[in-house]
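Asks:
Numbering (the numbering used here), first residue to last: 8 to 59.
#1: Would you be able to state if there are at least three C-beta pairs under 8 Å between the stretch 42-50 and the stretch 12-24?
#2: Counting C-beta neighbours from all protein chains within 10 Å, is the total for residue 49 16 or more, i.e. buried, or is it exposed?
#3: Would you kindly report the start and end of the unbroken alpha helix (DSSP H) that includes residue 18?
#4: Who are the near neighbours of residue 36 in its chain, counting only those whose CB is closer than 7 Å to its CB and skipping five residues on each side?
#5: Could you check which residue in 21, 8, 9, 11 has the C-alpha nearest to that of residue 40?
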């Protein structure tokens with residue numbers, strides 16, 4: 008198994024680009040990417056808490 012390190016910012020940026028292409032609307036894509044980013048951060052925090 009390989010380990011790949013990505014920043015959450017890189018993931019959110021990639022999601023935003025995909026959402027912009029899907030929706031064709033910058034504001035809608037931004038709101039969706041922010042919501043997905045919030046969810047991703049919450050999940051990362053839960054995983055970190057379990058590891059501590």
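Where a beta carbon is used, it is the ideal one built from N, C-alpha and C, also for glycine.
No experiment lies behind these values; they were computed from the predicted model shown.
Replies: With the structure as the only source:
#1: yes
#2: exposed
#3: 15-30
#4: 23, 26, 27, 30
#5: 21
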